[in-house]
Ligand code: C2E
Ligand code: MG
Ligand code: MG
Ligand code: MG
C-alpha cells in the first residue's frame, strides 16, 4: 500500500510539473505576442520623505495585461521573460520608457527602475542607460537602478564590474528588498550603493512591536548611516508602520498608504512594438 501511495504521489507530482511546464510554454508564447501588441506598460508608485512627505522618487513597475488571463504579476512573468531570453529586450524598453517619462515630470522626482540579475551580464546595460539618458535628456542622478541581493549569487567579479560601470555614469544604485534573502556584508563593502530599501516584512514587524524586527531595522539604519546611504522602507500600508519606521529614523517611505502604482495619463515613448 505504502508503495502504491508513493507511486501515486510521484505520478501526481509529475503531472503537476507537466502542467506547470506547459503553462510556462504557453505564457512564453503569450509574452512574445504581448511584445507585438503593446500589452506591456509601466505603472509608477511614489516614494516620499519620511519627515514632511515630500515626493522624492517614483518606482516604475512593469505591468502585463494578458488578453484572457487579465493582469499577471511581474513575479510570475519576469522569470518567464528571463527563460525566454527576452529580458534584455524588455529590460531595455523599461529603462527607455522610464527615462522618457521621468524627463517630463515637472516635480523633478527621480525614477527607480528594477533590474534583473540577467541584465547585468556583459556591458549591454550600461550602453542602454547611456543611450536612454541621452535620448530623454534625463539627468543621470535622477535615475535609480534597483537590484536585489540575488545578483551576487552568480559571478561576483562580473557583477561588481557591471555595477561600477553603471555608477560611473552618475546613476544611483539601490539595493532592493534588503534583509529578505541572503544579506551579506561582503558586497556592501565592495559595491557602492546610494540607497538601501528595507523589505516590507520589517516595517510590519516593527509596527507590531516585534523585538527582532525592531533590532534588525535599527542595525540596518546604523549600517546605512555609517555607509552614508539613504534608506527607504517598502510596503507601508498602515499609519502605524509609517510611524514606527519614522521613529526609528528611516529616510523615505513607500507603500499603498502613500499611493498605489498608477499609470501615467499618456505614454511619452513609442510603444515597444513600434521600436526596433
Ligand atoms: P519590488 O521592486 O520590491 O517592488 C515593490 C512591489 O511591492 C511591487 O509589486 C509593488 O506593487 C508592491 N507594493 C508596493 N507597495 C505595497 C504595499 O503597501 N503593500 C503590498 N502588499 N505591496 C506593495 P509588483 O509591482 O507586483 O512587482 C513585484 C516585483 O517584480 C518587484 O518587486 C520587482 O522585483 C519585480 N519587477 C517589477 N517591475 C519590474 C521590471 O520592470 N523589471 C524587473 N527586472 N523586475 C520588475
Ligand atoms: Mg524595486
Ligand atoms: Mg522591493
Ligand atoms: Mg520585491
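Numbering (UniProt numbering), first residue to last: 506 to 781.
Backbone N, C-alpha and C define an ideal beta-carbon position, used for all residues, glycine too.
Check the C-beta distance from residue i over to residue j and give it rounded, since I have them as a contact under 8 Å.
i           : j           : result
residue 617 : residue 564 : 4 Å
residue 641 : residue 605 : 5 Å
residue 768 : residue 551 : That belief does not hold up - the Cβ atoms of residue 768 and residue 551 are roughly 14 Å apart, past 8 Å.
residue 633 : residue 600 : 6 Å
residue 756 : residue 555 : 6 Å
residue 726 : residue 758 : Rounded, the Cβ-Cβ distance is 13 Å, inconsistent with contact.
residue 587 : residue 547 : Incorrect: roughly 18 Å between the Cβ atoms, too far for contact.
Residue i to residue j, Cα distance in whole Å?
i           : j           : result
residue 700 : residue 566 : 18 Å
residue 526 : residue 728 : 42 Å
residue 741 : residue 705 : 7 Å
residue 688 : residue 636 : 32 Å
residue 702 : residue 619 : 12 Å
residue 631 : residue 730 : 28 Å
residue 543 : residue 717 : 45 Å
residue 538 : residue 628 : 28 Å
residue 512 : residue 530 : Low confidence applies here, because residue 512 scores a pLDDT of 42, under 50, leaving its location unreliable and the question unanswered by this model.
residue 648 : residue 562 : 9 Å
residue 514 : residue 663 : Its pLDDT being 47, under 50, residue 514 is placed unreliably by the model, and nothing is read from it.
residue 557 : residue 715 : 26 Å
residue 528 : residue 584 : 13 Å
residue 575 : residue 540 : 16 Å
residue 677 : residue 719 : 27 Å
residue 589 : residue 665 : 25 Å
residue 721 : residue 707 : 8 Å
residue 770 : residue 661 : 41 Å
Look at residue i and residue j and say whether their C-beta atoms are less than 9 Å apart.
i           : j           : result
residue 654 : residue 686 : yes
residue 651 : residue 675 : no
residue 658 : residue 625 : no
residue 621 : residue 577 : no
residue 743 : residue 682 : no
Using only the heavy atoms of ligand 3, determine whether one of them is closer than 8 Å to the beta carbon of residue i.
i           : result
residue 739 : yes
residue 612 : no
residue 704 : yes
residue 661 : no
Any heavy atom of ligand 2 inside 8 Å of the beta-carbon of residue i?
i           : result
residue 735 : no
residue 767 : no
residue 681 : yes
residue 580 : no
residue 617 : yes
Compute the minimum distance between the beta carbon of residue i and the heavy atoms of ligand 1, and state whether it is under 8 Å.
i           : result
residue 565 : yes
residue 742 : yes
Using a C-beta cutoff of 9 Å, does residue i count as contacting chain B?
i           : result
residue 646 : In summary, chain B is missing from the structure at hand, where a single protein chain is found.
Original post:
Would you call the region 689–697 and the region 748–755 in contact, with 3 or more CB pairs under 8 Å?
Top reply: Of all C-beta pairs linking the region 689–697 to the region 748–755, fewer than three are shorter than 8 Å, placing the two stretches out of contact.
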